[in-house]
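Protein chains: 2
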Amino acid sequence: MAPVTESHTDVLIIGAGPSGLAAAYWMARCGVNARIIDKRATKVFRGHADGLRAGTLELFDSMGFQHRVLHEGVEITEFCFWAPDENGNLKRTKQVRSESLDSAPYRMHGLSQGRIERYILDAIKDSSNLVVERGVAAESLEYDASLENNHEEYPITAKLRTLTEEELGAASTYGGSQSLSRDNVAPDDVEDLTPGRKHEPGTVEVVKAKYLISCDGGRSWTRKQLDIPFTGSTTEHIWGVLDVVPITNFPDVRRAATVSSEFGTLLVIPRERQLVRFYVPLTEVDASSGRFDRSSITLDMMREKVQQMLKPFQFDFKVCDWWTTYQIGQRIAQNFTKGRIYLAGDAVHNHSPKVGLGMNISLQDGFNIGWKVALVAKGVAHASILDTYEPERRRLAEMLVDFDRRWSPLFLKQQGGSPPDAHAKFEAMKEILDSVEPFAEGLLSHYGDSPLVHKNGQKLAKNLSPGEKLISAKVRSQADGITRWTTWVFQSDGRFRILLLAGDVRAEEQKHRVLTFGEYLASPDSVLRRFSRKAVKLHATIDVVTIHSAPVEDVQLFDFPEALRPFDDDNGWEYDKIWGDEKCHWDLQCDGRVYEKWGVDRLKGAVVALRPDQYIGWIGDLEDVEGLSKYFEGIFRTPKQRALL
Amino acid sequence: MAPVTESHTDVLIIGAGPSGLAAAYWMARCGVNARIIDKRATKVFRGHADGLRAGTLELFDSMGFQHRVLHEGVEITEFCFWAPDENGNLKRTKQVRSESLDSAPYRMHGLSQGRIERYILDAIKDSSNLVVERGVAAESLEYDASLENNHEEYPITAKLRTLTEEELGAASTYGGSQSLSRDNVAPDDVEDLTPGRKHEPGTVEVVKAKYLISCDGGRSWTRKQLDIPFTGSTTEHIWGVLDVVPITNFPDVRRAATVSSEFGTLLVIPRERQLVRFYVPLTEVDASSGRFDRSSITLDMMREKVQQMLKPFQFDFKVCDWWTTYQIGQRIAQNFTKGRIYLAGDAVHNHSPKVGLGMNISLQDGFNIGWKVALVAKGVAHASILDTYEPERRRLAEMLVDFDRRWSPLFLKQQGGSPPDAHAKFEAMKEILDSVEPFAEGLLSHYGDSPLVHKNGQKLAKNLSPGEKLISAKVRSQADGITRWTTWVFQSDGRFRILLLAGDVRAEEQKHRVLTFGEYLASPDSVLRRFSRKAVKLHATIDVVTIHSAPVEDVQLFDFPEALRPFDDDNGWEYDKIWGDEKCHWDLQCDGRVYEKWGVDRLKGAVVALRPDQYIGWIGDLEDVEGLSKYFEGIFRTPKQRALL
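From first to last, the protein sequence lines stand for chains A and B. If you count the first sequence from 1, position 593 lands on 593 in our numbering, and the numbers rise without skipping. If you count the second sequence from 1, position 585 lands on 1230 in our numbering, and the numbers rise without skipping.
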């Protein structure tokens, strides 16, 4: 046995799936002293989650890699409903698509979780030296609540052990028809087939941490250590999941589709590399009650079931990328946090994968707690903002589980095995899809009133709500005329933002209002200065972005006060802080209707405070610097307060 | 001295700049046995060329990495003309942009050559084991013309030497205010700071090659070995090039701009990473005739000159990424080829960099000769297609040099130093820009009649011309409803393509025509079968893509003959071969007007033969299988002909 070493870290993250990596992203971007471990030997390469919703793609845009998703992923354009007609012949009942995202930057995409992990890992690498320590498991966890009110203390003690090859081998039992090799993983994933080990197998290390973010999956070890009940139910229904390159003449195999039959309903999701995912009801194994014997299910059993359900169309495959089985369960953890320990992702919510939403919610969990812990760990923000994590995310977890409770039963075999009524089935499915869409696509989150969300200002921006994400819009850069989505403009760099909707600055009175607001920002009393040390740049903690409504050609960058276009001794003025809401005739998405979309007066504008995750925190007019101050006082420590930590 | 080894390769490429890499791309994609050497120790990281035109971006789309250019590069949206007004105050005379590219996928972008090299290197790595051998110079070249008619022979003998560290050091004298390090190059370029050496310094190797593509720059060693005259002129005018992060209040520093003054005209081009490129007229050193002493020019001299020219605006910089000086010259090589040796890029045309076109033409040179040599080296195509390289590319080189001869003088100091007439200057510049635009953006190439271009069929596709690139359009996939630019659909994989514009297949008669064409394709007499060995897939040499004009919902994939949607035993049917010209209400660029754009009858359609580089080779109607056969007979060898090689 190697000697036990002890070390300290500000933030420990357990689990490097989508939620753990999203949290780690913030540690990397904000320069927080952090560690991230995962008990698996490697990242995920195949299978697992694969549905990406509009809101998640927007988040990726702010993280700098949405172009990789669009390049590799498959856009899911339509949803097709198939069922037997009155003569028992399989027919397409309906082909529908939602129009609610027509003016949004992105729509749903199918792409394997392994690729998403790749992109986040690359983003972390590009901005830090943080590396996932793989093949490392936590073995014990102690929490000393008496230390939790002292920022400098380390209330968390975890014993980490580097697993042996044998232990690692036992962890990877998931299937597929081919073994992993450099010939069948993405070129940029090849190196990760055999990641370097930080420690010798068997090495034990005691790590003391100020904060712990645990994203260790549905069977969360951390949740069990903390004795947090995971309540809900598991039904007896067994499902298969199949990622194959199908050989089929079913016409909608490259569209999202449900196929109803006497055996239950099949779900079809198109994917990258000619793959298609099939969710297969396995009625044969349904009869047994309680936990089922996974080994009784074979790939051929699933092949035959799909063949039965797609008749009279042919179906077969030779390439199987991945397959697994699961039992439907819906559970939510009774608590998401304990002191300075935060659980995220599958560790706090379980549901069936058929809603195509799990990875999104998990990733957004990690994203949510990540920036909060990062800012508190750095001493920039009050610890009280951490209390917003559970209420903000629990509600979404509940909506997720509720969605699944309504959605999954529609895929079950009808009682008595009678053929389904095609139209009724379609109506039932469509009704659920329509009702969950705003939440599923990230347009509605219902974050409640808190230090981070002041429910005000609705009159000034009729279509924007504090507690919701800013509605994406395309704007035109004052400096260079380039068009960009706001998701790109508000990069996820850890800063809060003051979004100055400057209105029509050609009008003398409005120009004066903007100049006055600029003077406030540059003054020692401004929120930019009060919460930053003198030595750092004015915009280090809070960034300022302006979108005006005048034609870009009619105004100039230097008409705007300098606080709106920060100056740097080495790099001059920043050119990507002032934008116009102007129609651009060679980019049809930039339609000059941003103010209208947001419900903001084109002449008078408004001020919006944005959190680092692009959620709206506060709305006010240009004169309400007191309201703005109050908002940020609830979040940031002054340098004096920081010194007292 | 190490012993001299001898080896054989089908294709040797000298020079790994944009043109050499574009040629190497084809060797990688087509699986050709090839070598590529470069005498420099590393790839380019900074400076050099930086203008990317629409046509080049389309080419990148077909190579699979245009998304990286769009992500990192800077779109150049407008061109601004500045000059002193009647009172001598610097004013913006005009701000213009061309609308000719409004319905095209891309517009001009600014991005350093080093990043383009990165993307092509990655594309090569993703599809082959071909690696650039750096620090290797050719030292002698012999050509045995007596062998050139025998495909199996190696008429080229080159002696290659791995350079010593001293020799390498001498080659890198270009400037910048910071030395290169892992902190200031792109993360994915870090590994290339110290590329591995294949051989020990001093190692000499004799390489025998069937074909040589030389892309060794303006002072081409190969051109000199072959005694090819490089005719044209070098003027006495000296220019500086400056890549800096400017500290300036000049409002159009992030737009393309010309600034006229008594000292000459400054050219301003916005770039990635807050960089801006300045082309600076250095009148001080103009006086001396003949070649100038580069060491007499300093960075501060250039800084002061820009300061003078931008007055009354401030200008300074602290970060200089790269700078150099050059002397204007326009030259064209008397021959582009000698036997099986092909010169491409700067080796055959020299001009000033101010036209923002050099990298594009060079890259397209390499792209043009690359696929031709690859197909001939593999024995697939007749050697006669290689004769099309020089006539196709010489005309573009001449247009390039002619553009520069008209454009560059406008940047010179006026005779007598009198202030320029702002309006006259604008008109002169605008006239030149407008006249060269179709050629510069890749919309017009004037490739002449040849085995690769049959000048026919104009009546069937009024806006398409054999010898020009297919005009890009956005189409909707029959199988999945996804929209794509044709540049993506016609991937650069080395195959020719039959583009079947199937017309409105809802009409019975038209459907019959399409079925008949499909039967032809599947028959033993078809061009698909005649030029492929029996053992290989029907579409191995010639791909077939269909774009019909019926609504996507009204027809089904399996309505089309199987020759249009190839089947593979392992992977089933290909789903990206049948497309619709249909308006898509969530993608405004997909407007359902492709047939109209191309001038093709919506009911009756047409057939277009596309070369691997998306140039149109032949146009005919669905019944003209004889014309189609004749076209491909001039290009491909039958398996029997191959056996006789």
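All C-beta atoms in this analysis are idealised placements derived from N, C-alpha and C, irrespective of residue type, glycine included.
- Taking 9 Å as the cut-off, the beta carbon of B:R1142 is found closer than this to the beta carbon of B:V1190.
- Residues of the region 310 to 334 of chain A that bring their beta carbon within less than 7 Å of a beta carbon in chain B comprise K318 and V319, in sequence order.
- The beta-carbon of B:P891 is placed less than 9 Å from the nearest beta-carbon of chain A.
- Between the region 422 to 432 of chain A and the region 555 to 573 of chain A, the count of Cβ pairs shorter than 8 Å is below three; the stretches do not touch.
- Leaving aside the five residues that flank B:R1175 on each side, the residues in its chain whose CB is nearer than 7 Å to its CB run, in chain order, T1283.
- The Cβ atoms of A:S492 and A:E205 do not sit closer than 9 Å to each other.
- Taken in chain order, the complete alpha helix (DSSP H) segments of 4 residues or longer contained in the region 750 to 822 of chain B are 758 to 772 and 810 to 816.
- Those residues of the region 723 to 742 of chain B placed with their C-beta closer than 7 Å to a C-beta in chain A are E723 and Q740, ordered along the chain.
- A residue is called buried once 16 or more other Cβ atoms fall within 10 Å of its Cβ, and B:L1289, having fewer, is exposed.
- Cβ neighbours of A:G329 within its own chain (closer than 6 Å, five residues either side excluded): T234 and N350.
- Separation of A:E437 and A:G457 (C-alpha to C-alpha, rounded to the nearest whole angstrom) is 26 Å.
- Of the other Cβ atoms in all chains shown, fewer than 16 fall within 10 Å of the Cβ of B:R827; this residue is therefore exposed.
- The region 1125 to 1132 of chain B and the region 769 to 785 of chain B do not touch, with fewer than three beta-carbon pairs separated by less than 8 Å.
- Counting the other Cβ atoms within 10 Å of the Cβ of A:E86 gives fewer than 16, which makes it exposed.
- With distances taken between CA atoms, A:V306 lies nearest to A:E262 out of A:E262, A:L57, A:G232 and A:V32.
- Residue pairing of B:Y924 in beta bridges, as defined by DSSP: B:V886 and B:L912.
- Residue contact with chain B for A:N571: present (Cβ-Cβ distance below 9 Å to some residue of chain B).
- Here B:V649 is exposed, its C-beta having fewer than 16 other C-beta atoms within 10 Å.
- For the region 1106 to 1131 of chain B, the set of positions with a beta-carbon nearer than 7 Å to some beta-carbon of chain A reads A1124, D1125, G1126 and I1127 in chain order.
- Rounded to whole angstroms, the Cβ separation of A:R97 and A:F79 is 7 Å, and the two are in contact under 8 Å.
- Judged by DSSP secondary structure, A:G457 falls outside any beta strand (DSSP E); it is assigned neither H nor E.
- Here A:G196 is exposed: its Cβ has fewer than 16 other Cβ atoms, across all protein chains shown, within 10 Å.
- At a cut-off of 9 Å, the C-beta of A:N129 has no neighbouring C-beta in chain B.
- Between A:E99 and chain B, the shortest Cβ-Cβ separation is below 9 Å.
- Beta-bridge partners assigned by DSSP to B:V1245: B:A1106.
- B:D966 places its beta carbon less than 9 Å from that of B:L920.
- By the Cβ neighbour-count rule, A:V268 is buried, with 16 or more other Cβ atoms within 10 Å of its own.
- The beta carbon of B:V835 sits closer than 8 Å to those of R827, all from its chain and outside the five residues before and after it, given in chain order.
- The C-beta separation of B:V886 from B:T969 comes to about 5 Å, placing the pair in contact by the 8 Å criterion.
- One finds nothing in chain B with a Cβ atom closer than 7 Å to the Cβ of A:R642; even the nearest lies about 29 Å away.
- When DSSP reads this structure, B:L1183 sits in no beta bridge, so it has no partner.
- Under the rule that a run must span 3 or more residues, the beta strand (DSSP E) segments found entirely inside the region 25 to 104 of chain A read 34 to 38, 79 to 84 and 90 to 96.
- Where A:F517 is concerned, the enclosing alpha helix (DSSP H) starts and stops at E508 to A522.
- Inter-residue distance for A:L163 and A:S295 is about 26 Å (C-alpha atoms, whole angstroms).
- Put simply, of A:G202, A:R134, A:A123 and A:E166 the residue whose alpha carbon is nearest the alpha carbon of B:A831 is A:A123.
- Assignment of B:K869 by DSSP, reduced to helix, strand and coil, places it in the helix class.
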